[in-house]
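These notes concern the structure reproduced below.
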Amino acid sequence: MTSKRVISTALAAVAAGAIVLAGAAAPAMAASKTCAKHPGAVLDEGFNAGNSRLRAWHSKGSLYTCTVRGFSLKSDKARTRKLGRWTSASRLFIDGDDASWTVRKTVGGTAVDRISTRNMWTGISSQSDLPLVPASGATLAREAQLYGWTAYDQTLAWVTKVGDVVLAADDPSDTPTPRGALPAPLAPDGKRLLVASYPTANSLQLEALRESLHLFSLGGDGDECDTVYDATLTFVDAATFNPLGVTWSVDSHNSLC
631 MTSKRVISTA LAAVAAGAIV LAGAAAPAMA ASKTCAKHPG AVLDEGFNAG
681 NSRLRAWHSK GSLYTCTVRG FSLKSDKART RKLGRWTSAS RLFIDGDDAS
731 WTVRKTVGGT AVDRISTRNM WTGISSQSDL PLVPASGATL AREAQLYGWT
781 AYDQTLAWVT KVGDVVLAAD DPSDTPTPRG ALPAPLAPDG KRLLVASYPT
831 ANSLQLEALR ESLHLFSLGG DGDECDTVYD ATLTFVDAAT FNPLGVTWSV
881 DSHNSLC
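End of the sequence shown = 887 in my numbering, gap-free, step of one.
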């Protein structure tokens, strides 16, 4: 009887322990601090994506990104976001938290590129499926194909295959200032600005436009969350090869604030 009681007591203790363990909460899984590799990887033209802190890929006609952000290594975490449509002729440029990409469409029987820009961390879009050439004064926006582009801290500039030079900013905060004798007066279309157009440019002149496109700033004023700076775009005139440009005051926002 004594042996049976000992065995019964031991089995009861084991069963009670199992109940306690079953009822205990599972330990919390730590948030991922890296971005995993995916099939269909996209290498952006800013040469930023393709590492454990920033990846881009396409799947089933959509573009995805994963980015790691934080004020310190301890607070870092990864965030994956579906950005929008992707086609075989699409192109991608990543700068900071902004991803800009094109989608090839047929409009009026002509193949064109539509452009979008979206913050990979917040998901906020500054332009979405827009024609490459913005409106300017009385001239309506029009379609084109992308030839070349560059970016700098929430501003993006590009050249179309028909000789248009365009500047776009997430949050422009002032009137743009021309640098040199631009072909036409500057007239912003919201967050986008047609800087110059050279509709008769040949292939050599288009290449000169693309190669000379330079976007930069000489500094700004602000804090860790917001900085106002003068974004300056320079390029060469497609007809005379003289240096031209524009400066546009921009408010840059930290995605973590």
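Cβ atoms here follow ideal geometry from the backbone N, Cα and C, with glycine treated the same way.
Using only the alpha-carbon positions, how far apart do residue i and residue j sit?
i	j	result
residue 770	residue 764	7 Å
residue 743	residue 689	20 Å
residue 884	residue 776	28 Å
residue 671	residue 687	4 Å
residue 872	residue 675	27 Å
residue 867	residue 713	35 Å
residue 874	residue 826	9 Å
residue 678	residue 706	18 Å
residue 844	residue 816	18 Å
Take residue i as the anchor and find which of the options has the nearest alpha-carbon.
i	options	result
residue 766	820, 833, 717, 687	820
residue 860	777, 878, 830	878
residue 850	784, 809, 671, 881	881
residue 694	668, 718, 676	668
residue 840	856, 857, 863, 855	863
residue 857	803, 798, 794, 710	803
residue 783	798, 773, 774, 772	798
residue 780	708, 865, 815	865
Considering residue i, what are the terminal residues of the beta strand (DSSP E) in which it resides?
i	result
residue 686	684–689
residue 834	Run containing residue 834: none in the beta strand (DSSP E); it sits in the alpha helix (DSSP H), 833–842.
Using a Cβ-Cβ distance under 7 Å, would residue i count as near chain D?
i	result
residue 735	Looking at the structure shown, chain D is missing, and only one protein chain is on hand.
Q. Are there three or more Cβ pairs, one per stretch, closer than 8 Å when the region 661–671 is compared with the region 679–697?
A. yes
Q: Decide if the region 718–727 is in contact with the region 754–762; the criterion is three or more beta carbon pairs, one per stretch, under 8 Å apart.
A: no
Q: Write down every uninterrupted run of the beta strand (DSSP E) in the region 732–813 whose length is 3 residues or greater and which is fully enclosed by it, in chain order.
A: 740–749, 755–761, 776–782, 785–790, 794–799, 807–809
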